[in-house]
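All residue numbers for the sequence shown refer to the working numbering, where the first residue is 175 and numbers rise by one. Every residue, glycine too, gets a C-beta built ideally from N, C-alpha and C. One structure is given below, encoded as structure tokens.
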Amino acid sequence: MYTDTESNSSGHPIHITDEVRSYVLDRKQDFRVSTSCGGPILLPTSIKPPKISDIRLHVGDYTIYISRYQARYLETVHRGMIPFFFDY
175 MYTDTESNSS GHPIHITDEV RSYVLDRKQD FRVSTSCGGP ILLPTSIKPP
225 KISDIRLHVG DYTIYISRYQ ARYLETVHRG MIPFFFDY
């Protein structure tokens, strides 16, 4: 189990902003940071299911899965990764 305060298999800690924490807790579901043509994107796991190789960061009772390919480049999971069409 990884949290954003621990090092993980990406080799460095990944921070989750308070805005993203609130977003996850308000929606009461797991999310995944994956690769898109516009860069990393945060999507519900109902749209983009997690993979076995993903890194897991915990927000309350929920998990943010991060693609191992994105994890090596990420330092922060932030609001800019939330698609506009999800009304944040």
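- Where Y243 is concerned, there is no enclosing beta strand (DSSP E), although the alpha helix (DSSP H) around it starts and stops at 242-245.
- Looking from the CA of I229, the closest CA among I221, E193, V251, D192 belongs to V251.
- Within a 10 Å sphere around the beta-carbon of I226 sit fewer than 16 other beta-carbons, which makes this residue exposed.
- DSSP, read as helix, strand or coil, puts G213 in strand.
- Within a 10 Å sphere around the beta-carbon of F205 sit 16 or more other beta-carbons, which makes this residue buried.
- Counted as a single uninterrupted DSSP element, the alpha helix (DSSP H) harbouring R195 occupies residues 192-201.
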